[in-house]
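The structure appears below as structure tokens.
Number of protein chains: 2
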Amino acid sequence: MLEVEQKYRADLGKVREELLKLGASLVEAKEEVDVYFQHPCRDFAETDEALRVRRSGSDVEVSYKGPRMRSNAKARLELTASAEGDVEAVLEALGFKKVAVIKKRREYYSYGPLTVSLDDVEGLGQFVEIEAVASSERSVGEAEAEISALAERLGLRERVDATYLELYLSIFKGGV
Amino acid sequence: MLEVEQKYRADLGKVREELLKLGASLVEAKEEVDVYFQHPCRDFAETDEALRVRRSGSDVEVSYKGPRMRSNAKARLELTASAEGDVEAVLEALGFKKVAVIKKRREYYSYGPLTVSLDDVEGLGQFVEIEAVASSERSVGEAEAEISALAERLGLRERVDATYLELYLSIFKGGV
Numbered sequence: 001m002l003e004v005e006q007k008y009r010a011d012l013g014k015v016r017e018e019l020l021k022l023g024a025s026l027v028e029a030k031e032e033v034d035v036y037f038q039h040p041c042r043d044f045a046e047t048d049e050a051l052r053v054r055r056s057g058s059d060v061e062v063s064y065k066g067p068r069m070r071s072n073a074k075a076r077l078e079l080t081a082s083a084e085g086d087v088e089a090v091l092e093a094l095g096f097k098k099v100a101v102i103k104k105r106r107e108y109y110s111y112g113p114l115t116v117s118l119d120d121v122e123g124l125g126q127f128v129e130i131e132a133v134a135s136s137e138r139s140v141g142e143a144e145a146e147i148s149a150l151a152e153r154l155g156l157r158e159r160v161d162a163t164y165l166e167l168y169l170s171i172f173k174g175g176v
Numbered sequence: 001m002l003e004v005e006q007k008y009r010a011d012l013g014k015v016r017e018e019l020l021k022l023g024a025s026l027v028e029a030k031e032e033v034d035v036y037f038q039h040p041c042r043d044f045a046e047t048d049e050a051l052r053v054r055r056s057g058s059d060v061e062v063s064y065k066g067p068r069m070r071s072n073a074k075a076r077l078e079l080t081a082s083a084e085g086d087v088e089a090v091l092e093a094l095g096f097k098k099v100a101v102i103k104k105r106r107e108y109y110s111y112g113p114l115t116v117s118l119d120d121v122e123g124l125g126q127f128v129e130i131e132a133v134a135s136s137e138r139s140v141g142e143a144e145a146e147i148s149a150l151a152e153r154l155g156l157r158e159r160v161d162a163t164y165l166e167l168y169l170s171i172f173k174g175g176v
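From first to last, the protein sequence lines stand for chains A and B.
Per full-length UniProt numbering, the very first residue in the first sequence carries number 1; after that it's consecutive.
Per full-length UniProt numbering, the very first residue in the second sequence carries number 1; after that it's consecutive.
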């Protein structure tokens, strides 16, 4: 599955109001704790990959994110499996190392084929992510156009191309 | 969790009969397909570790097995998480490589604190595994004594110390 998304720094109150005016519907609101892992023998910062274990209540989800595509920085392969049990212990036994824990309160809104997330991220601030799913590289352009159109309508101007992990590392570990 | 187990080559028909005479109860019978993976940068054959994805019906279980303990070859650390979705794709994206697919029909019997598995393994033959769980290294000796006592009562004499993966590799890939 290709995930196409764009993140913006924004005031969530205003965006929420605009979204509801447009007829978007709140799907759910939850706290998410994302633990990012470093690979035992690849430097994910170099390869632009990520491995994340997301816990939300009793749900556990493991996601691998491939490198952002050269043709389009907003698109990347995402593979996800849901899990139960001590996934982190299995990963650590395999040599993966925790590099960051990112906590956020997230509201998911649905707007046509798009998912809009209003994120209040601990230590990083407030962001809006607009996401579409593309089944092929060809449909990435289409998804991107839908994202841009909605961003425009919501008055989102401050694009952030870094991932939350990159933002976290730049602030808390003096990384890139 | 420390897994303590011993495997024996045996005629399943005879062992089943003995088990039922002893009052053991059949817990379940199922087909299991185990896919073993090689680590992207560690040689599991050298480190004596294993990563296995077991599918049985719609259940998916991911297990990491640590090296067999020096003090006692029958005991090793086992970490397990249940999963849903394309776990294999996530592992392959992370650089893990499939090295073996082992199919078996397994009957699980419960006998006091022990679990007895009657395994008909495709291409490898018939085996009985007796397993106990030990919470600490100290209780491993006790678990081992229980396993030996039951093996004796079941007339199991042909101990097999190799794992199914090792047996598989020795037959199908000319490995150790």
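Ideal Cβ positions, reconstructed from N, Cα and C, are used throughout, including at glycine.
Quiz item: The alpha helix (DSSP H) with F44/B in it runs from where to where?
Solution: F44 to T47
Quiz item: How is the alpha helix (DSSP H) around E144/A delimited, first residue to last?
Solution: V140 to R153
Exercise. Taking the CB atoms as reference points, tell me whether R159/B and Y8/B lie closer together than 7 angstroms.
Key: yes
Exercise. Spell out whether any CB of chain A is found under 7 angstroms from the CB atom of S136/B.
Key: no
Quiz item: On the premise that Q126/B lies in contact with D11/B, defined as a C-beta separation below 8 angstroms, what is that separation, rounded to the nearest angstrom?
Solution: 7 angstroms
Quiz item: So, R76/B versus S63/B, is the Cβ gap smaller than 7 angstroms?
Solution: no
Self-check item: Contacts that D86/B makes with chain A (C-beta to C-beta distance below 7 angstroms)
Solution: The answer, in chain order, is L79 and A81.
Quiz item: Does DSSP put F172/A in a helix, in a strand, or in coil?
Solution: Look at F172/A here: in three-state DSSP terms it is helix.
Quiz item: Just checking my contact of V27/A with Y109/A at CB under 8 angstroms: how many whole Å lie between their CB atoms?
Solution: 6 angstroms
Self-check item: Contact list for the stretch 148-169 of chain B against chain A, Cβ threshold 9 angstroms
Solution: none
Quiz item: Contact check, L2/B vs V116/B under 8 angstroms by CB: the rounded distance?
Solution: Going by Cβ atoms, the distance from L2/B to V116/B rounds to 18 angstroms, so no, they are not a contact pair.
Quiz item: Short check: CB of E144/A to CB of V33/A, under 7 angstroms?
Solution: In this structure, E144/A lies away from V33/A, with their beta-carbon atoms at least 7 angstroms apart.
Self-check item: Length of the line joining the Cα atoms of M69/B and V128/A
Solution: 50 angstroms
Quiz item: With 7 angstroms set as the bound, which would you pick, yes or no: does the beta-carbon of V90/B sit closer than that to a beta-carbon of chain A?
Solution: yes
Practice problem: Kindly say whether residue 178/A, judged by its beta-carbon, lies nearer than 7 angstroms to any beta-carbon of chain B. | Solution: The question about residue 178/A has no answer, for chain A in this structure spans 1 to 176.
Practice problem: Please look up how many angstroms separate the CB atoms of E84/A and V121/A, rounded, as I've assumed it's under 8 angstroms. | Solution: So it is not a contact: roughly 26 angstroms between Cβ atoms.
Quiz item: Is G13/A helix, strand or coil when you go by DSSP?
Solution: helix
Quiz item: What number of angstroms, rounded off, separates the C-alpha of A134/A from the C-alpha of Q38/A?
Solution: Rounded to whole angstroms, A134/A to Q38/A spans 27 angstroms at the Cα level.
Exercise. Verify the CB distance criterion: does A45/A have a CB-CB separation below 7 angstroms to chain B?
Key: no
Quiz item: Residues of chain B with a CB under 7 angstroms from the CB of A93/A: which are they?
Solution: Going along chain B in sequence order, the residues near A93/A (Cβ under 7 angstroms) are Y64, G66 and L79.
Practice problem: Note the first and the last residue of the continuous alpha helix (DSSP H) segment covering A93/B. | Solution: Segment V87 to A93, the alpha helix (DSSP H) holding A93/B.
Quiz item: Just curious, the beta strand (DSSP E) that K74/B is in, first and last residue?
Solution: Per DSSP, K74/B belongs to no beta strand (DSSP E) and is neither H nor E.
Quiz item: Contact check, L118/A vs R16/A under 8 angstroms by CB: the rounded distance?
Solution: 6 angstroms
Quiz item: Roughly how many whole angstroms lie between the Cα atoms of F96/B and I171/B?
Solution: 22 angstroms
Quiz item: Shorter than 7 angstroms from the beta carbon of P40/B to some beta carbon of chain A?
Solution: yes
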